[in-house]
Amino acid sequence: MAQARVTPSSSLTTDEVRAWRGMLRTHAALTKALDAELEAAHGLLLTSYEVMLLLADEPDERMRMSDLADAVLLSRSGLTRLVDRMAAEGLLSRETCASDARGAFACLTQEGSERLAAARRTHHVVVRARFLDLISPQEQQMLGACWERVLAPGDSEGASCG
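Residue numbering for the sequence shown is 47 to 208, as defined by my numbering.
Right, dumping it as structure tokens:
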């Protein structure tokens, strides 16, 4: 993809500003709503939910910590702190990598799997009420195509945000 050239005289059109700010505000509003609902109903923040969802999507319900950090867009140290908190709650466990002593895996526990199942229902209700029910199926398809086009090939880990 060609790099956009920014010059002092560059400006955005009204439609471009609406699209950009709309995406930012929608993301912020939905994240805030999901955080509040998941916290109130399940004692989870959205990032914790996303970590458990990613782990549940893996065949053995575990991921290397470095891959998981990339998938949830956290720094390595940020993910380590989150996984430690979640492990203290019994939602995750950590395992060392047998083939690489420096590597570690985050693993979903049975308790984590059960909390995820309950939280998933809440997540879906909020996503539908605050987003999907407000746009047509055609708009959903269009937005999905837009996000795929905008995201770099290596940035599509968020595909399991359901």
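We put the beta carbon where it would ideally sit given N, CA and C, even for glycine.
Mind reading off the beta-carbon distance from Cys153 to Glu135? Whole number of angstroms is fine, and I expect it under 8 Å.
Along the sequence shown, one-based indexing puts residue 153 at 107. Along the sequence shown, one-based indexing puts residue 135 at 89. Not quite, the Cβ-Cβ distance comes to about 14 Å (not below 8 Å), so this is no contact.
Any idea what DSSP makes of Glu83, helix, strand or coil?
Along the sequence shown, read from residue 1 onward, the residue named residue 83 stands at position 37. Note: Glu83 maps to helix in three-state DSSP.
What three-state label does DSSP hand Leu154 in the structure shown?
Working through the sequence shown from its first residue, we reach residue 154 at position 108. Reduced to three states, the DSSP call for Leu154 is strand.
What's the gap between the Cα of Arg64 and the Cα of Glu157?
Here residue 64 refers to the residue found at position 18 when the sequence shown is read from its first residue. Here residue 157 refers to the residue found at position 111 when the sequence shown is read from its first residue. Roughly 43 Å between the two C-alpha positions.
Run through DSSP, which three-state label would Leu137 get?
Working through the sequence shown from its first residue, we reach residue 137 at position 91. Leu137 falls in the coil class under three-state DSSP.
I'd like to check one pair, Ala163 with His88: are the Cβ atoms closer than 8 Å?
Residue 88 sits at position 42 when you count from the first residue of the sequence shown. Residue 163 sits at position 117 when you count from the first residue of the sequence shown. Not closer than 8 Å, so no.
Taking 7 Å as the line, does the beta carbon of Ala133 fall inside it for any heavy atom of the ligand COA?
In terms of ligand content, the structure shown is empty, and the ligand COA therefore cannot be addressed.
Out of curiosity, what's the CA-to-CA distance linking Ile181 and Val173?
As a working mapping, residue 181 is identified with position 135 in the sequence shown. As a working mapping, residue 173 is identified with position 127 in the sequence shown. Looking at the two C-alpha atoms, the distance is approximately 12 Å.
Can you tell me where the alpha helix (DSSP H) holding Arg195 begins and where it ends?
Start at 1 with the first residue of the sequence shown, and residue 195 comes out as number 149. Run containing Arg195: Pro183 to Val196, per the alpha helix (DSSP H) assignment.
Just to confirm, is the Cβ distance from Ala119 to Met109 under 8 Å?
Residue numbering aside, residue 119 sits at position 73 when the sequence shown is read from its first letter. Residue numbering aside, residue 109 sits at position 63 when the sequence shown is read from its first letter. According to the sequence shown, residue 119 is Leu rather than Ala. Not a contact, by the Cβ cut-off of 8 Å.
Excluding sequence positions up to five away, which residues of its chain have a Cβ less than 8 Å from the Cβ of Ser56?
In the sequence shown, counting from the first residue as 1, residue 56 sits at position 10. Excluding positions up to five away in sequence, the list is empty.
Contact defined as beta carbons within less than 8 Å: I believe Leu76 pairs with Val97. What is the distance between those atoms, to the nearest angstrom?
Mapped onto the sequence shown, residue 76 falls at position 30. Mapped onto the sequence shown, residue 97 falls at position 51. About 18 Å separates the two Cβ atoms, so there is no contact after all.
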